[in-house]
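Have a look at the structure below before the remarks.
Written out as structure tokens, the structure is:
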């Protein structure tokens, strides 16, 4: 017996039981990974910039949904589906029940990431981490006490945010970055870090530097959890959706989110 941390054992503890659908998948080559990262990363950025002057409040969600639609067509033409990037089938009761302890682990990493970002910013003297940038709440519109607007954003939370962001930034970008850096020292760290930075940049346009740093650190936590759980997106989707839902309930009720 040893007290040394074992990544394989940790993955096994939180992994779903294997089934016939879990047969080994062919490895993605570096060339394909590089092209896919460049093309779909650029597509997401260009669409967001294009949508921004048309409908600023919804530029992020709509550009991401459009990117995912293009990605879905591309994967379909290659004979692949979203299960190849983390939306794996949950066969049997045990597989479904395992999502709960997995989600608790993800939430623990999320809470540690947020606390680390805020405390780290304070220790480093980053004043921008102490205040919410102007215009952040303007993006949500008049949510407080407004049930139709509240329900609209809840719909966006569980589609573009919980599912969409996890499918793209973790499911797609992390798997492609992992293929790109396969066999490279600290390759797994790069595979988590690069999508996390892109995740942070995706929130910069309305959350400023504070949002960039905080969401990038959250991206590191979620990306790490994704790899620890053998690329299973379901716990991340659940936690992402619940956290954002709580935030919007707080906004609707006039509380601090």
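Numbering (the working numbering), first residue to last: 68 to 324. Every residue gets a Cβ at the ideal spot worked out from N, C-alpha and C, and that includes glycine.
Measuring alpha carbon to alpha carbon, tell me which of 233, 238, 236, 258 ends up nearest residue 245.
-> Out of 233, 238, 236, 258, 258 has the C-alpha closest to the C-alpha of residue 245.
For residue 91, which of helix, strand or coil comes out of DSSP?
-> Its pLDDT being 44, under 50, residue 91 is placed unreliably in this model, and the coordinates cannot settle the point.
Mark residue 329 as exposed unless 16 or more other C-beta atoms lie within 10 angstroms of its C-beta, in which case mark it buried.
-> Past the edges of the chain, shown from 68 to 324, lies residue 329, and the structure says nothing about it.
Tell me whether residue 161 is buried or exposed, calling it buried when 16 or more other Cβ atoms sit within 10 Å of its Cβ.
-> With fewer than 16 neighbouring CB atoms inside 10 Å of its own CB, residue 161 falls in the exposed class.
So, helix, strand or coil for residue 311, using DSSP?
-> helix
Using the rule of at least 16 other Cβ atoms within 10 Å of the residue's Cβ for burial, across every protein chain shown, is residue 146 buried or exposed?
-> exposed
Starting from residue 114, follow the alpha helix (DSSP H) in both directions and report where the run begins and ends.
-> Residues 97-118.
Where residue 252 falls: helix, strand or coil (DSSP) = coil
Contact between the segment 295-309 and the segment 213-232 (3+ Cβ pairs under 8 Å) = yes
Exposed or buried, what is residue 176 when buried is set at 16 or more other beta-carbons lying within 10 Å of its beta-carbon?
-> buried
Kindly list the residues whose CB is nearer than 7 Å to the CB of residue 100, restricted to its own chain and excluding five residues on each side of it in sequence; keep chain order.
-> Around residue 100: 243, 246, 247.
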